[in-house]
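Notes for the one structure printed next.
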Amino acid sequence: MKQKSLLYTGKAKSVYRTDTKGQLIVEFRDDITAFDGGKKDTLRNKGSYNAEVSAFIFEYLARNGVKTHFVKMLDPHRMVVRELEMIKLEVIVRNLAAGSIVRNYPFKEGIKLDPPVIVIDYKDDSRHDPMLNDDLIVALKLTTAKELAEIKTAALKINALLVKMLAAQGITLVDFKIEFGRAGMAIYLGDEISMDSMRLWDKVTKESLDKDVYRFNKGDVMATYNRVAQRITKKTKSPAAKSSPAKKAATKPVNVKAAPEKIAARPAPKKAATKPAKGKGVPASTRAPATVKTPAKSAAKKTAPKKPVAKKAAKKR
Ligand code: 5GP
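Position in the sequence shown (from 1) plus 39 gives the number in our numbering.
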């Protein structure tokens, strides 16, 4: 397959046309950003960790009946995907209260949300990704009511599968963001599912294992991404899982038919040497001292915060 011209470039990924009809290449770059680009860095190998975890998860979901855009990996940074007409929605599923819903609503951080809460935002940086409701989504013609129902059912199914898979590695899936697109009449899961788009806590230590480490300066980001990528793809046993086996999933999502999930390890990667993690037991708190009163994500999110946990950074990510 030949990579052709650049189609789209985002904050951490670039999408290229290819010489194969209906297929694109997604390049996972080493860039990392938070607070709407207010904090930015380039961290060597970061892209490959996210690509590896995304590929592992897409394959796992596909084995369990979820339609995803994943086709194959070309190399550790580049993924071949089915071309989709992307739907401008960010679908967030929350199992525990953390992040923006703790800042925006009177939830105590870490409380279980049972059944899981789905929040859907309009993917539009210029408007700071405001939260939508079903009527707005249909009125804006982002989806039909039928498509929206399908997306929510798929999001809950994906959540149930991920909760189980991650629990087996001693990881709590706090929340995550996914995006969908259309190919013909069908809806597929697109984009990525990685440490950038999930909020993950170690079940035992409650340590953050995701981009919150970067957002809130909780430790060595790359050591964390490396370790969590290995745990998720089952190249190392989780220390938490060894000492305290995860007996059950963190949540019991509703509306999801129980199906035995099929988990398989991917082949070992050819990757840079592992750096030892600096420190441990980093507190999981992600609460920012902000009081944002509206469900719409703060219009202030564009402002680069001096300190990452700042009022202006109320919205993201
Ligand atoms: P929150 O609303 O608490 O900031 O984010 C909820 C979850 O969705 C977190 O796991 C966060 O990483 C993910 N998320 C929300 N918005 C985005 C986004 O624009 N990009 C990415 N990669 N993840 C997001």
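The beta-carbon is built from N, C-alpha and C at its ideal position, and this holds for glycine as well.
Since I believe residue j is in contact with residue i (beta carbons under 8 Å), could you give me their beta-carbon distance rounded to a whole number of angstroms?
i: Thr-211; j: Leu-152; result: Contact doesn't hold; Cβ gap of about 12 Å is too wide.
i: Gly-229; j: Leu-123; result: 5 Å
i: Thr-263; j: Val-92; result: Not confirmed; about 12 Å, so no contact.
i: His-116; j: Glu-66; result: 6 Å
i: Asp-164; j: Leu-187; result: About 22 Å separates the two Cβ atoms, so there is no contact after all.
Does the beta-carbon distance from residue i to residue j come in below 8 Å?
i: Gly-138; j: Asp-75; result: no
i: Val-132; j: Asn-89; result: no
i: Glu-129; j: Asp-80; result: no
i: Ile-157; j: Lys-106; result: no
i: Leu-175; j: Asp-160; result: no
i: Val-237; j: Asp-249; result: Per the sequence shown, the amino acid found at residue 237 is Met instead of Val. Result yes, Cβ atoms of Met-237 and Asp-249 sit closer than 8 Å.
i: Lys-221; j: Ile-126; result: Note that residue 221 corresponds to Arg in the displayed sequence, not to Lys. Closer than 8 Å, so yes.
i: Trp-240; j: Ser-247; result: yes
i: Tyr-253; j: Ile-71; result: yes
i: Pro-155; j: Leu-205; result: no
i: Ala-179; j: Asn-103; result: First, the amino acid is wrong: residue 179 is Leu here, not Ala. Contact: no.
i: Lys-357; j: Asp-251; result: The question about residue 357 has no answer here: the residues shown for the chain are numbered 40 through 356.
Residues in the same chain with beta-carbon distance under 8 Å from residue i, minus the five sequence neighbours each way, listed in chain order, please.
i: Val-110; result: Gln-62, Met-118, Val-119, Val-120 and Arg-121
i: Leu-113; result: Met-40, Ile-64 and Val-119
i: Ala-307; result: Caution applies to Ala-307, whose pLDDT of 42 falls short of 50 and renders its modelled position unreliable; the value that the coordinates give is listed next. Cβ within range, chain order: Lys-274.
i: Tyr-47; result: Ser-53 and Val-54
i: Val-177; result: Thr-183, Ala-184 and Leu-187
Since residue i is in the alpha helix (DSSP H), which residue starts that stretch and which ends it?
i: Glu-91; result: 85-102
i: Tyr-264; result: 260-271
i: Asp-75; result: Here Asp-75 belongs to no alpha helix (DSSP H), and DSSP marks it neither H nor E.
i: Asp-251; result: 251-254
i: Ala-222; result: Counting along the chain, Ala-222 falls outside any alpha helix (DSSP H), though it belongs to the beta strand (DSSP E) covering 219-222.
i: Asn-143; result: 139-143
i: Val-243; result: Unbroken run through Val-243: none, as it is neither H nor E.
i: Leu-175; result: 173-178
Within the same chain, show all residues whose beta-carbon is closer than 7 Å to that of residue i, passing over the 5 residues directly before and after it, in chain order.
i: Arg-68; result: Ala-51, Lys-52, Ser-53 and Gly-86
i: Thr-333; result: Bear in mind that a pLDDT of 36 at Thr-333, under 50, signals an unreliable position, so the number given afterwards is only what the model happens to contain. Cβ within range, chain order: n/a, list empty.
i: Tyr-227; result: Lys-106, Thr-107, His-108, Arg-121, Leu-123, Phe-219 and Gly-220
i: Leu-181; result: Ile-126, Lys-127 and Leu-128
i: Phe-388; result: Shown here, the chain extends from 40 to 356; a query on residue 388 therefore has no answer.
i: Arg-83; result: Asp-69
i: Thr-59; result: Met-40
i: Ala-225; result: Lys-106
By the DSSP assignment, the beta strand (DSSP E) with residue i in it spans what residues?
i: Gln-208; result: Note, Gln-208: premise wrong, no beta strand (DSSP E); not H, not E.
i: Ala-225; result: 225-228
i: Leu-113; result: 109-114
i: Leu-123; result: Note, Leu-123: premise wrong, no beta strand (DSSP E); not H, not E.
i: Ser-44; result: 42-48
i: Thr-57; result: 52-57
i: Ile-150; result: Taken as a continuous stretch (DSSP letters only), Ile-150 belongs to no beta strand (DSSP E), as it is neither H nor E.
i: Ile-64; result: 62-67
Strictly under 8 Å for the Cβ-Cβ distance: is residue i near chain D by that measure?
i: Thr-48; result: No chain D is part of this structure, which consists of one protein chain only.
What residues in its chain sit with their C-beta under 6 Å from that of residue i, if we drop five residues either side in the sequence?
i: Arg-56; result: Lys-43, Ser-44 and Leu-46
i: Tyr-144; result: none
i: Ile-150; result: Ala-136
i: Glu-231; result: Ser-93
i: Lys-216; result: Glu-129, Ile-131 and Ser-236
i: Ala-297; result: Confidence at Ala-297 is low in this model, with a pLDDT of 40, below 50, so its placement is unreliable and no value can be given for it.
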